[in-house]
Structure formats: C-alpha cells, structure tokens
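The structure appears below as structure tokens.
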Amino acid sequence: MLKSAYVEEVFTLRAGDRVELLGWVRNVRQHGKLVFLDLRDSTGVVQVTVKTGVADEEAVKTASTLGREASVKVVGRVVEDRRAPGGREILCERLEVVGRAYGEYPIKPGVGPRFLYDNRHLYLRSPKVSAIMKIRSAMVEAARRWFIEHGFTEIHCPTFITAAVEGGATLFEVNYFGRKAYLTQSVQFYQEAAIYGLEKVFSIQPSFRAEKSKTRRHLTEFWHIEAEMAFTELPELLETVEQLISYMVVETVEKRKREFTELGRRFNVEVVEPPFERIKYEEALNILESKGVTISWGEDLGADEERILTEQFDKPFFVTHYPKEAKAFYHMPDPSNPRVTLSADLLAPKGYGEIVGGGQRIHDYKLLIQRIEEENLNPQDYRWYLDLRKYGTIPHSGFGLGVERLLQWILNLRNIRSACLFPRTRQRIYP
RNA sequence: GCCGGGGUAGCUCAGCCUGGUAGAGCAGCGGGCUGUUAACCCGUUGGUCGUCGGUUCGAAGCCGACCCCCGGCGCCA
Numbered sequence: 056m057l058k059s060a061y062v063e064e065v066f067t068l069r070a071g072d073r074v075e076l077l078g079w080v081r082n083v084r085q086h087g088k089l090v091f092l093d094l095r096d097s098t099g100v101v102q103v104t105v106k107t108g109v110a111d112e113e114a115v116k117t118a119s120t121l122g123r124e125a126s127v128k129v130v131g132r133v134v135e136d137r138r139a140p141g142g143r144e145i146l147c148e149r150l151e152v153v154g155r156a157y158g159e160y161p162i163k164p165g166v167g168p169r170f171l172y173d174n175r176h177l178y179l180r181s182p183k184v185s186a187i188m189k190i191r192s193a194m195v196e197a198a199r200r201w202f203i204e205h206g207f208t209e210i211h212c213p214t215f216i217t218a219a220v221e222g223g224a225t226l227f228e229v230n231y232f233g234r235k236a237y238l239t240q241s242v243q244f245y246q247e248a249a250i251y252g253l254e255k256v257f258s259i260q261p262s263f264r265a266e267k268s269k270t271r272r273h274l275t276e277f278w279h280i281e282a283e284m285a286f287t288e289l290p291e292l293l294e295t296v297e298q299l300i301s302y303m304v305v306e307t308v309e310k311r312k313r314e315f316t317e318l319g320r321r322f323n324v325e326v327v328e329p330p331f332e333r334i335k336y337e338e339a340l341n342i343l344e345s346k347g348v349t350i351s352w353g354e355d356l357g358a359d360e361e362r363i364l365t366e367q368f369d370k371p372f373f374v375t376h377y378p379k380e381a382k383a384f385y386h387m388p389d390p391s392n393p394r395v396t397l398s399a400d401l402l403a404p405k406g407y408g409e410i411v412g413g414g415q416r417i418h419d420y421k422l423l424i425q426r427i428e429e430e431n432l433n434p435q436d437y438r439w440y441l442d443l444r445k446y447g448t449i450p451h452s453g454f455g456l457g458v459e460r461l462l463q464w465i466l467n468l469r470n471i472r473s474a475c476l477f478p479r480t481r482q483r484i485y486p
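Residue numbers (the numbering used here): 56 to 486.
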C-alpha cells in the first residue's frame, strides 16, 4: 500500500507499512553512503534513513546534496529501530526533491532571540513556534465556543475610529482621505451600542496602542477579546470573566497536551478553578502596606506594586473598586462610595500582571456628561456614545482580555512577542 | 520620555580595564566516513570592529557626539 501520511502517523502505523511523506528537511547527517534526514511536517519530526541496498544510488546521492529546509517527498517503510529518535524511522526507498534549499539556512542552533525575530518568517517553521500557535488557536477557539454557548453574539467592529475610548491613551494616527483618524484601541464603545439590539456581544480582533512601552509585556498590536453585556452589574461580570478564563485555560491545556510537552511546560488547571478571589483596591493597599510598600490612595497600582501583590497569590484574582481617578471616565461610580468605581482587573499570579480589565459602565446620561467634563474631555467628541444613554438606557458591564497576555502567563513565556506569529512592537514592524 | 546593558566574521561570543594593526566555536565550501541524534575527522573561505570626529607614531580598545537594539520604569491588555 502506498499511502500519503503525516509524520505523527508514523508513530501509530504498524512497522513494515509503506508511507509517502511530504515535508521539510530539518537536518542532514551524512556517513558516506548512509544519510540521515530529519523530516518535519506540521505534525512532528521523524528520522528518514537513506542507504544503498534499500534506496537506489540516485536517492543516496540526492539525499547527500540536500540542505536544511529543502522540501522532499519520501516513500519508504516504517521500521522499529532503537537507534532512531522515538524508536522509529522511515527506511527510504524513493526520494524526490520538491524544492531545494539554496544557500545556508539562517536558523540553526545557537542563534539569538534578536536574530530569530529578524527571521521570524523562517523561524515559524520550528516545532516550538508551531506548538505555541496551535495552543493559541485552541485558546481562541475555546473562548468563541464559550461565548456562543452562553448566548453571546459575535460582532465585528471597525478598526478606524475618530476618537479615543479613553482620553489619555496613545493612538496611532492615520490619514483617512485627508481627515485625521485613529486605529482602535478597544471596541468597547461599539459593543455598548450593539447590546441595545443583541444584549450580549463579544469580539475577537486586534487593538492598537501607540504607547512607547519597552517591556516584555507590551505589543503595539495585540488581539483583544472583548465582551459587553446588557442588564449586568459588577458581580455578574466577575463571574462571567472567571468562568470564561477557566474554560479557556482548561480546554486549551487538555486539548493541546502534546504541544505543552513540546514546550516543556506544565500547567496545573486547579489554578484556574473558580471562584477567583476578589479584593478591593483598598485591601490591595493594605496588603502592600504589610509588605512595606506604601502608595497614596487614588494612585494606580504600578508595575512594582502589581508584582508584589501578585506574588501573594497562586490563582488569578480580581482587584475591584479602583478610585475613579485611576480609571477612565466611563466607569460607574459605586453608589455606596462614589470615590471608587465598579471596576475590576484580573491579575495573573506570580508577577504576570493584568490579563483582563473591565467593569460596570455609567448608564446615566447626566452622570456620564459630568464625568466627561471632570476629566476635561469634550462631550461633543462623545455624542453618539452619549446618545446611547438617551434612549432606554440600561445597566451594563463589559471587559477586555489580552490574548497574548493570557498565553504568556499559561505558557510561562519570557517575552510576549513569542505569543505572536509576527509580533508588532515599538521597534519592530518587519517582517 | 527617564534609567541600565549592549553593537567585533553569516550566527553566538572573546579581545577593550593595561593602545602595537583581529580570534574561537558553530554555519558555509572541498574531501573522508554505513547508525548518526545540534554526528564526527581533515582542509578551507569569510571582518568598512555601529557611525562620525578627536587624542596618539599607532585606536576594536582611550575621549566626545550621534544612530540602532535589548531590558526596567512610566502607560496599559
């Protein structure tokens, strides 16, 4: 039987079966008329042995001229051999070159991270990057499934916008036929409009931030999972977030076991078992105080404070009720203490920091105008947003989740860039 | 934007303190090898030492300015 197969199948077929594999040559080891090829495809790597007596002279000759990453078609038999990695290899009978590798392949052992990002278009072929991308895909798929199963409608919002969601944040400016426009940093406002028809909505799309951040947690373009819910107040929002996060992580870990192993990463799913602890901003200050860090009330938690705080927890936890001066104007003031807002951030443990940010929105027209003016913003810029409060306003809440941040945490990635196919940072827009 | 580290062969780096005319490993190329696992052995190509200026008989190394990269902070997901 001549059979077209994927590399992973080699390890489940019977010894002696003949297969036809298509893939790329990861490495070549030559011993005169015995040549070993490490053949890679999207499912794994297998050793192909090309030797005279099994393959013809021509195949051995061809094999010995192959460079790294040449694409080939191999026909051969699956054999058990203790000397082969994984205990199995392909004894090559026929070898065909699909595409040669011209010149030396730049990606090889010993190269540094910078070089790998300069050559990301090639490095993507590595099993490690493939594993991360498969995990990422599974994670986003799980999120989408969870939303759909819970009655949310997926909506797609514009990327070009005219005004900032949050006054101070830095936006990328684009020339929109002579008018000033910006790239979106959140679809929240559009989602707030959409809930009047759909009640529960979610979006999975990129957001852009022009902040000049130079850290391993920041991208200028990142994938943002956002949701907005009508008739929802803070406590229900927190439950939604913890259910979603838990589902996403557990599903991903269970469905992508092999990829986690490939990356040498284990994730204990008990860590994301709901409920997550909720602490108020004020309690966070007390915890910090007990660790010898004092910040004045009203100040936002800085990176150092966040790190110290997250080190006290093994599971993700919510920090709620931030002071209104630390949050954007649309956050709902707490009726029982108007100095604070019905806001919440979900912080990952052990220093990974903010994964989700959200809260209850102001739904009262007058209060919203008042808050816009207090922040020295112009209500004219928010006309349609204010309109939403004029016709049948309702309490509502929403949140945003950083896909790469969540991946960075569950995969323990040193740098957020490795969670992206082609990362975009302040310094990098190529390749 | 502020602070710290860095830029030397295709890649990873040493040399810089103490100035004397550029090195290693890997990769490449040629040759050898029938059981390698990032194979090994022999041979070999390869450098505006980030840029500009200064000091000096002489600068990769000292001094000054600038450019670029990485990270920490601020800002945030």
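We put the beta carbon where it would ideally sit given N, CA and C, even for glycine.
_Boundaries (first-last residue) of the alpha helix (DSSP H) holding I203_ = Walking along the first sequence from the start, residue 203 turns up at place 148. Per DSSP, I203 is one residue of the alpha helix (DSSP H) stretching across P182 to E204.
*Can you find at least 3 beta carbon pairs, one from the region 180 to 196 and one from the region 309 to 322, that sit closer than 8 Å?*
Cβ pair count under 8 Å is three or more, so yes.
_Comparing C-alpha positions only, which one of I250, N392 and V103 sits nearest to G447?_
The residue you call residue 447 lines up with position 392 of the first sequence. For the residues I250, N392 and V103, the minimum Cα distance to G447 belongs to I250.
*Can you check DSSP and say which residues form a bridge with R409?*
If you number the first sequence from 1, residue 409 lands on position 354. Rather than Arg, the amino acid found at residue 409 in this sequence is Glu. Partner(s): L402.
*So which of E430, L89, N431 and R123 has the shortest CA-CA distance to K116?*
Taking the first sequence and counting its residues from 1, one reaches residue 116 at position 61. That would be L89, whose Cα lies nearest to the Cα of K116.
*Ignore the nearest five residues each way along the sequence and tell me which others in I350's own chain have a CB closer than 8 Å to its CB.*
Position 295 of the first sequence holds residue 350. Non-local C-beta neighbours of I350 in its own chain, meaning closer than 8 Å and more than five positions away in sequence, comprise L340, L343, L356, G357 and E360, ordered along the chain.
_3-residue-minimum beta strand (DSSP E) runs that sit fully inside the region 266 to 339, ordered along the chain_ = You should have 276 to 285 and 332 to 335.
_Extent of the continuous alpha helix (DSSP H) run through V115_ = Here residue 115 refers to the residue found at position 60 of the first sequence. Unbroken alpha helix (DSSP H) run through V115: E112 to S119.
*Own chain residues within Cβ distance below 8 Å of V80, not counting five before or after*: As a working note, residue 80 is residue 25 in the first sequence. Excluding the 5 residues flanking it on each side, V80 has same chain C-beta neighbours closer than 8 Å at L92, D93, L94, R95, L121, G122, R123, E124, A125, S126, V127 and A156, in chain order.
*CB L299 to CB W201, shorter than 7 Å?*
Within the first sequence, residue 299 is the residue found at index 244, counting from 1. Within the first sequence, residue 201 is the residue found at index 146, counting from 1. Yes, Cβ-Cβ distance for L299 and W201 is below 7 Å.
*How big is the Cα-Cα spacing for L456 and R180?*
Position 401 of the first sequence, counted from the first residue, corresponds to residue 456. Position 125 of the first sequence, counted from the first residue, corresponds to residue 180. C-alpha separation (whole angstroms): 28 Å.
*How is P168 classed by DSSP in three states: helix, strand or coil?*
Taking the first residue of the first sequence as position 1, residue 168 is located at position 113. In the structure shown, P168 sits in a helix (DSSP, three-state: H, G or I).
*W352: which of I363, P378, K335 and R169 sits nearest, CA to CA?*
As a first step, residue 352 is located in the first sequence; it is residue number 297 there, counting from the start. P378 is the residue among I363, P378, K335 and R169 whose C-alpha sits nearest the C-alpha of W352.
*Classify L92 as helix, strand or coil using the three-state DSSP reduction.*
Translated into positions along the first sequence, residue 92 becomes position 37. The three-state reading of DSSP puts L92 in strand, counting E and B together.
*asked:* Using only the alpha-carbon positions, how far apart do G412 and A403 sit?
replied: Position 357 of the first sequence, counting from 1, holds the residue named residue 412. Position 348 of the first sequence, counting from 1, holds the residue named residue 403. Cα to Cα, the separation comes out at about 12 Å.
*Can you tell which of P329, E247 and R264 has its C-alpha closest to the C-alpha of L293?*
Counting from one through the first sequence, the residue named residue 293 turns up at place 238. Looking from the CA of L293, the closest CA among P329, E247 and R264 belongs to P329.
*Quick one: Cα of E288 to Cα of H451, how far?*
Numbered from its first residue, the first sequence carries residue 288 at position 233. Numbered from its first residue, the first sequence carries residue 451 at position 396. Roughly 6 Å separates the two Cα atoms.
*Can you tell which of E366, Q367 and H386 has the C-alpha that lies nearest to the C-alpha of T375?*
Taking the first residue of the first sequence as position 1, residue 375 is located at position 320. The shortest Cα separation from T375 among E366, Q367 and H386 belongs to H386.
_Only counting the same chain, and skipping five residues up and downstream in sequence, which positions put a Cβ closer than 6 Å to that of A110?_
Residue mapping note: residue 110 aligns to position 55 of the first sequence, counting from 1. Taking C-beta separations shorter than 6 Å and ignoring five residues to either side along the sequence, the partners of A110 in its chain run C147 and E148, following chain order.
*Going by the beta-carbon positions, is the gap between R84 and R132 smaller than 7 Å?*
The count along the first sequence starts at 1 and reaches residue 84 at position 29. The count along the first sequence starts at 1 and reaches residue 132 at position 77. With contacts defined by Cβ atoms closer than 7 Å, R84 and R132 do not form a contacting pair.
*CA-CA distance, V105 and V166?*
Position 50 of the first sequence holds residue 105. Position 111 of the first sequence holds residue 166. If you take the alpha carbons of V105 and V166, they lie about 29 Å apart.
*Under 6 Å from any heavy atom of the ligand ATP, does the C-beta of E113 make it?*
The ligand ATP is not among the ligands present in this structure, which contains no ligands whatsoever.
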